[in-house]
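Trainee: The structure under discussion is supplied below as structure tokens; questions concerning it will follow.
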Amino acid sequence: MTKVSFIPHLPGGIVTPELLRKIAAVAEKYQGRLRIAGNSVIIAGLTLADSDQVAAELGVPGESHIASSVRAVTFCPGKPDCARGLAESSRLGLELDEEFWRQEVPAKLRIGVSGCPNCCAEVFVKDIGLYATAKGYRLLVGGNSGHKAQIGRMIAENLAHEKVAPAIRLVLDFYRNNGENRERLGQTINRVGWEVFLQETVPKLNAL
Ligand code: SF4
Numbered sequence: 001m002t003k004v005s006f007i008p009h010l011p012g013g014i015v016t017p018e019l020l021r022k023i024a025a026v027a028e029k030y031q032g033r034l035r036i037a038g039n040s041v042i043i044a045g046l047t048l049a050d051s052d053q054v055a056a057e058l059g060v061p062g063e064s065h066i067a068s069s070v071r072a073v074t075f076c077p078g079k080p081d082c083a084r085g086l087a088e089s090s091r092l093g094l095e096l097d098e099e100f101w102r103q104e105v106p107a108k109l110r111i112g113v114s115g116c117p118n119c120c121a122e123v124f125v126k127d128i129g130l131y132a133t134a135k136g137y138r139l140l141v142g143g144n145s146g147h148k149a150q151i152g153r154m155i156a157e158n159l160a161h162e163k164v165a166p167a168i169r170l171v172l173d174f175y176r177n178n179g180e181n182r183e184r185l186g187q188t189i190n191r192v193g194w195e196v197f198l199q200e201t202v203p204k205l206n207a208l
């Protein structure tokens with residue numbers, strides 16, 4: 001019999017002890033295996049029917065997604081939980097996840113937020129990456145860690161917390177207008193041309 005997994009959407013991997021106990025309980029009830037990976041706890045080895053039951057009993061949406069969409073936002077602890085944190089990267093990451101997760105775009109799109117230049121959230125290999133400095137966030141675009149790996153390039157710096165979501169909306173506007181089916185953001189910019197991309201987005205970013 002085909003086995004499937006259920007992956008609860010836990011933004012930033014932040015979870016209460018109560019929910020963790022609930023995940024363990026449903027995994028035991030339906031003979032699932034638990035695997036901690038990325039920002040979630042995968043409940044593997046379920047039948048399709050049991051997977052639906054698990055989702056209903058947990059009351060948490062699953063990570064399941066359409067292929068061409070914004071994936072769960074990755075973010076590091078940042079201020080105040082990390083001594084090196086220069087900004088509240090978790091607060092920003094949760095806000096971005098709330099707005100952008102599951103939005104449709106031409107291909108898979110990953111967003112990452114780091115609270116300092118150490119970049120623990122690997123933001124240089126995210127389609128859209130952010131890391132904090134003492135003066136605000138730096139915005140990187142075009143990275144990815146797939147088989148056509150690419151490093152993101154900085155297109156804005158010193159962004160205040162509240163300017164980040166509007167800046168991402170501008171980048172996504174460009175992507176939706178120019179991206180071809182299954183083409184990652186960096187590939188779209190490579191094809192259209194970085195100069196064209198910068199001419200179209202930077203003046204709008206500066207006007208935010
Ligand atoms: S990127 Fe900086 S703030 Fe975030 S976890 Fe790493 S060291 Fe801490």
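According to the numbering used here, the sequence shown is numbered sequentially starting from 1.
In this text, a Cβ means the ideal position worked out from N, Cα and C, and glycines have one as well.
Would you mind listing the beta strand (DSSP E) stretches within the segment 145-176 that are 3+ residues and don't spill past its ends, in chain order?
Mentor: Correct list: 153-159.
Trainee: With a threshold of 8 Å, are at least 3 pairs of Cβ atoms found where one atom belongs to the segment 8-22 and the other to the segment 54-64?
Mentor: Yes: at least three Cβ pairs fall under 8 Å.
Trainee: Is R84 a contact residue of the ligand SF4, with contact defined as CB to any heavy atom under 6 Å?
Mentor: For the purposes of this step, residue 84 is taken as residue 84 along the sequence shown, with counting starting at 1. Indeed, a heavy atom of the ligand SF4 lies less than 6 Å from the Cβ.
Trainee: Put I111 into one of helix, strand or coil per three-state DSSP.
Mentor: Within the sequence shown, residue 111 is the residue found at index 111, counting from 1. Strand at I111.
Trainee: Rounded to a whole number of angstroms, what is the C-alpha to C-alpha distance between R71 and R110?
Mentor: Position 71 of the sequence shown holds residue 71. Position 110 of the sequence shown holds residue 110. Straight-line Cα distance between these residues: approximately 6 Å.
Trainee: Beta carbon of G115: closer than 6 Å to some heavy atom of the ligand SF4?
Mentor: For the purposes of this step, residue 115 is taken as the residue at position 115 of the sequence shown. Yes; taking the cut-off as 6 Å, the Cβ of G115 has a heavy atom of the ligand SF4 nearer than that.
Trainee: Which one of L34, S68, N39 and V73 has the shortest CA to CA distance from V54?
Mentor: Sequence index remark: in the sequence shown, residue 54 carries index 54 (1-based). For the residues L34, S68, N39 and V73, the minimum Cα distance to V54 belongs to L34.
Trainee: Below 8 Å on the Cβ atoms is my contact criterion, and I expect A210 with L86 to pass it. Report the Cβ-Cβ distance as a whole number of Å.
Mentor: Limits of the chain in this structure are 1 at one end and 208 at the other, which puts residue 210 out of reach.
Trainee: Closer than 6 Å by C-beta to A149: which residues in its own chain qualify, once you throw out the five before and the five after it? Chain order, please.
Mentor: Sequence index remark: in the sequence shown, residue 149 carries index 149 (1-based). So no residue of the chain qualifies.
Trainee: When you compare the segment 100-107 with the segment 137-151, are there three or more beta-carbon pairs, one atom per stretch, that lie closer than 8 Å?
Mentor: The answer is no - the segment 137-151 does not touch the segment 100-107, with fewer than three Cβ pairs under 8 Å.
Trainee: For the ligand SF4, any of its heavy atoms closer than 6 Å to the Cβ of G78?
Mentor: The residue labelled residue 78 in the question sits at position 78 within the sequence shown. Yes, the ligand SF4 has a heavy atom inside 6 Å of this Cβ.
Trainee: Quick one: does the C-beta of N39 sit closer than 6 Å to a heavy atom of the ligand SF4?
Mentor: Mapped onto the sequence shown, residue 39 falls at position 39. No; taking the cut-off as 6 Å, the Cβ of N39 has no heavy atom of the ligand SF4 nearer than that.
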